Amino acid sequence: MGQAVVDILRRRGYTIAVVELEPDHCRPLEDEGLPVVCGDATDEKVLASTNIAEAKTIITCLADDAHNVYTILLARQLNPDINVIARAVEIDAEERLKLAGANRVLNPYQIGGMRLALSAIKPTVTDFIDESLLGSSGELELAEIVNDPASVLAGKTLAGAEVRKRFGIIVVALKRGEEAIFNPDAHERIEGGDVLVALGTMSAIERVEKAVQ
0 MGQAVVDILR RRGYTIAVVE LEPDHCRPLE DEGLPVVCGD ATDEKVLAST NIAEAKTIIT
60 CLADDAHNVY TILLARQLNP DINVIARAVE IDAEERLKLA GANRVLNPYQ IGGMRLALSA
120 IKPTVTDFID ESLLGSSGEL ELAEIVNDPA SVLAGKTLAG AEVRKRFGII VVALKRGEEA
180 IFNPDAHERI EGGDVLVALG TMSAIERVEK AVQ
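In terms of numbering that gives the first Met the number 0, the sequence shown opens at residue 0 and continues consecutively.
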């Protein structure tokens, strides 16, 4: 699973560092030009050597929940503001991982099971989601865009900002703090700090990202 995470983040152009326990797995990653720390992520010195104090996010994919919990506690100690995404191994581990400091917990077995079921029930929908999330078709991208309070869109309604006409995107949701507004009305006002969940081509998403910064 860790390899899959690395592959996707690299394709998207993110700067990442990898902690890998097995020496045999470190060399291939180094050969690909990745910054790799070969060691145990539950070791404070190993985790600190990744420059975690400056990182925005850590994704923990260790083999069991106990090691994930310890890694999360260390990460929080080294960087209290870091965004923590954790993989749960056991079904009932989500609460423990969140108590340790995880912002988001995902169970791949539950997600995999749901994905298999939806592929049987709604194959066209799942194909569309896969393509838009992973950008595999090169045509559509489902992205989240954070609107800066000083941007040209702040204070305008979706209709007034003409986001579809100017940028060629469709805003499918707005997130404002803990509130999520799905399929927002054209008269919904865009506020500073809002997260726009938008669908469009990569070039359209890039145009809107420049506009909101």
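Beta carbons are placed, not taken as given, at the ideal position from N, Cα and C, and that holds for glycine. All figures in this text were calculated on a predicted structure; none of them were measured in a lab.
Beta-carbon separation (whole angstroms), residue i vs residue j, contact threshold 8 Å
i, j, result
"residue 216", "residue 114", "The structure shown does not extend to residue 216, since the chain spans only 0 to 212, so no value can be given for it."
"residue 35", "residue 19", "6 Å"
"residue 183", "residue 198", "Contact doesn't hold; Cβ gap of about 13 Å is too wide."
"residue 207", "residue 168", "6 Å"
"residue 56", "residue 81", "7 Å"
"residue 211", "residue 152", "6 Å"
Cut-off 6 Å between Cβ atoms - residues of its own chain near residue i, not counting five sequence neighbours on either side
i, result
"residue 185", "157 and 158"
"residue 88", "63 and 64"
"residue 92", "64"
"residue 148", "191"
Which listed residue (the options) has its alpha carbon closest to that of residue i
i, options, result
"residue 90", "105, 80, 77 and 101", "105"
"residue 74", "107, 99 and 19", "99"
"residue 144", "193, 28, 11 and 85", "193"
"residue 77", "60, 84, 49 and 170", "49"
"residue 42", "54, 61, 26 and 212", "61"
"residue 139", "204, 154, 108 and 0", "204"
Residue interval of the alpha helix (DSSP H) (run including residue i)
i, result
"residue 5", "1-10"
"residue 19", "Counting along the chain, residue 19 falls outside any alpha helix (DSSP H), though it belongs to the beta strand (DSSP E) covering 17-19."
"residue 27", "22-30"
Proximity test, residue i beta-carbon vs the ligand NAD heavy atom, cut-off 8 Å
i, result
"residue 74", "Ligands in the displayed structure: none, and consequently the ligand NAD is not present."
N- and C-terminal bounds of the beta strand (DSSP E) containing residue i
i, result
"residue 188", "Per DSSP, residue 188 belongs to no beta strand (DSSP E) and is neither H nor E."
"residue 139", "Where residue 139 is concerned, there is no enclosing beta strand (DSSP E), given that its DSSP letter is neither H nor E."
"residue 199", "194-199"
"residue 158", "Segment 157-160 is the alpha helix (DSSP H) holding residue 158; no beta strand (DSSP E) there."
"residue 173", "169-175"
"residue 178", "178-181"
Own chain, CB closer than 8 Å to residue i, minus 5 neighbours either side, in chain order
i, result
"residue 72", "99 and 100"
"residue 5", "15, 17, 28 and 33"
What beta strand (DSSP E) runs, 3 residues minimum, are completely inside the stretch 71-118?
-> 82-86 and 103-105
Along the chain, which unbroken stretches of the alpha helix (DSSP H) at least 4 residues long are found entirely within the stretch 33-72?
-> 43-47
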